[in-house]
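**Student:**
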Amino acid sequence: MGLLSLGTPLPWDQARLLAREVRKHGIEQFLHIWRNMKDRQKDQLLWGDEIEYMLISLDHKNRRARLSQRGHELLNQLQ
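Going left to right, the sequence shown walks through residues 419 to 497 as this note's numbering numbers them.
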């Protein structure tokens, strides 16, 4: 994680004007990380490393993604 600096939140009407740029920047960051990491294999976790994940259910017909709540069921299968 990078260095965080002290800032003041914008009022919603001002923040809304910047939402498209923030979203675009987030997508660009994700794609950059994905391209650099997609081919990595057999990495070992080190003490203090963290893994974050989400399980998503995709409904291709209706073009929706929903957060899955079956993580506890799948965890036993993965171990």
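Think of the CB as a built atom: it goes at the ideal place given N, C-alpha and C, for glycine as much as any other residue.
Hey, isoleucine 469 and arginine 484: beta-carbon distance below 8 Å or not?
**Tutor:** Numbered from 1 along the sequence shown, position 51 holds the residue referred to as residue 469. Numbered from 1 along the sequence shown, position 66 holds the residue referred to as residue 484. No; because the gap between Cβ atoms is not below 8 Å, this pair is not in contact.
**Student:** On the three-state DSSP scale, how would you describe leucine 476?
**Tutor:** Taking the first residue of the sequence shown as 1, we reach residue 476 at position 58. Of the three classes helix, strand and coil, the one that applies to leucine 476 here is strand, per DSSP.
**Student:** What residues match up with leucine 485 in a beta bridge as DSSP calls it?
**Tutor:** Within the sequence shown, the letter at position 67 stands for residue 485. According to DSSP, which records beta bridges pairwise, leucine 485 is partnered with Ile474.
**Student:** Locate the alpha helix (DSSP H) running through arginine 458, then write down its first and last residues.
**Tutor:** Counting from 1 along the sequence shown, the entry for residue 458 is found at position 40. Unbroken run through arginine 458: none, as it is neither H nor E.
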